[in-house]
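Colleague:
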Amino acid sequence: MASISGGVANNGEGLHYQELNVETGKNTVLMIHGALRSGDDWDLIVPHLPRDYHLLIPDLPGHGQSKDILPFSKKLSARLLADLIRKKALNGRAHVIGFSLGAGIGVQLISQYPDLIDVVFLSGYGAVSAPPSAVAAVLWAQERGEALLPKSMISWLMDGTDLSSSGSTVPSYALCRSIADNIHAGEEPSPWPARTLIVAAGKSGILPTADNADAARRLREIASTVQPVGQTKAYTHRQMRHPWCRQAPQLFAQTATMWFEHGTVPEGFEEL
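Those letters in the sequence shown? Residues 1 to 272, per the UniProt record's numbering, in order.
#1: Consult DSSP for Ala-216 and reduce its assignment to one of helix, strand or coil.
#2: Where Gln-112 and Gln-250 are concerned, what is the direct C-alpha to C-alpha distance, given to the nearest angstrom?
#3: Could you tell me the boundaries of the beta strand (DSSP E) in which Leu-122 lies?
#4: Beta carbon of Phe-72, beta carbon of Ile-97: below 8 Å?
#5: Taking 6 Å as the limit between beta carbons, can you name the residues of its chain near Gly-268, skipping five residues before and five after?
#6: For Val-170 and Val-229, what's the separation of their Cα atoms in angstroms?
#7: Compute the beta-carbon to beta-carbon distance between Asp-59 and Gly-39, rounded to the nearest angstrom, for a pair I have assumed lies under 8 Å.
#8: Could you pull out every residue in the same chain whose Cβ sits closer than 6 Å to the Cβ of Ala-253, ignoring the five residues on either side in sequence?
#9: Taking the straight line between their C-alpha atoms, what separation do you get for Leu-55 and Glu-23?
#10: Classify Tyr-235 as helix, strand or coil using the three-state DSSP reduction.
#11: Of the choices Leu-15, Ala-200, Lys-74, whose alpha-carbon is the least far from that of Cys-245?
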């Protein structure tokens, strides 16, 4: 995220992270990236977020400059993110943005450490029913396949989605297998009290890039068991693909901001 000024730190035990808007921030926003990426993958989003958001942008275990924190797991990620919030967040609490794998880790975090969380925005949440060995092979091959395809072709297939971020992590098969083990469908998360927006991207086509709307609905149902009706909402957008944080970064940032500030979403979203 070279174009954005801010601090970079690692306390020797915790996650590597970037910290932005330290002087101007009024509320902390923790941004959790997706699989085989790093905190740098938020480079298109950050310029569109308000300057009064104090941003904490970590690299997850096994990813980016936290690559030596192994083995990867959602529980370890959530524990280290909770430590980061306690140490660096304003008033020891944070809003949360989680994308893809980061959405799953976000759910782990907000259900396990609810006292640290204010408001939540999750996109691309889902569990995979295929065998972890098969999922790991797909993750490993997909990352290498993307590197071989012309960027112009990927952009055309993905409606202009910019996948050229410097935030990618060169994956080992072991990391892919750890990720696959942690996104395999199994035990459901515990309910949590924080107001939460869940978005399932709705556009597919040549590439199967739509999210699982049923998973988004189920996540809303879990939250509703301990929340007032309507406090957590699930939406889709028919024109957005799974990595819409890189397809329409201004809309992604606007959606997060509107949800955090007003509990609403921009036009174009449909409630599930």
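Ideal Cβ placement from N, Cα and C applies to all residues, glycine included.
It should be emphasised that the depicted structure is a prediction, and the values quoted were computed from it without experimental measurement.
Modeller: Once the coordinates are examined:
#1: Position 216 of the sequence shown, counted from the first residue, corresponds to residue 216. Helix, per DSSP.
#2: On the sequence shown, position 112 is the one that residue 112 refers to. On the sequence shown, position 250 is the one that residue 250 refers to. Whole-angstrom Cα-Cα distance: 31 Å.
#3: Position 122 of the sequence shown, counted from the start, is the residue given in the question as residue 122. 117-123 is the span of the beta strand (DSSP E), which, as asked, contains Leu-122.
#4: Position 72 of the sequence shown, counting from 1, holds the residue named residue 72. Position 97 of the sequence shown, counting from 1, holds the residue named residue 97. No, the Cβ-Cβ distance between Phe-72 and Ile-97 is not below 8 Å.
#5: The residue you call residue 268 lines up with position 268 of the sequence shown. Only His-237 meet the Cβ criterion.
#6: Residue numbering aside, residue 170 sits at position 170 when the sequence shown is read from its first letter. Residue numbering aside, residue 229 sits at position 229 when the sequence shown is read from its first letter. Rounded to the nearest angstrom, the two C-alpha atoms are 43 Å apart.
#7: For the purposes of this step, residue 59 is taken as residue 59 along the sequence shown, with counting starting at 1. For the purposes of this step, residue 39 is taken as residue 39 along the sequence shown, with counting starting at 1. Indeed, because the Cβ distance is near 5 Å, the residues count as touching under 8 Å.
#8: Start at 1 with the first residue of the sequence shown, and residue 253 comes out as number 253. Excluding positions up to five away in sequence, the list reads Ile-45, His-48, Leu-49.
#9: Taking the first residue of the sequence shown as 1, we reach residue 55 at position 55. Taking the first residue of the sequence shown as 1, we reach residue 23 at position 23. Distance between the alpha carbons of Leu-55 and Glu-23 is about 11 Å.
#10: As a working note, residue 235 is residue 235 in the sequence shown. The answer is strand: DSSP assigns Tyr-235 an E or B state.
#11: Position 245 of the sequence shown holds residue 245. It is Ala-200 whose Cα lies nearest to the Cα of Cys-245.
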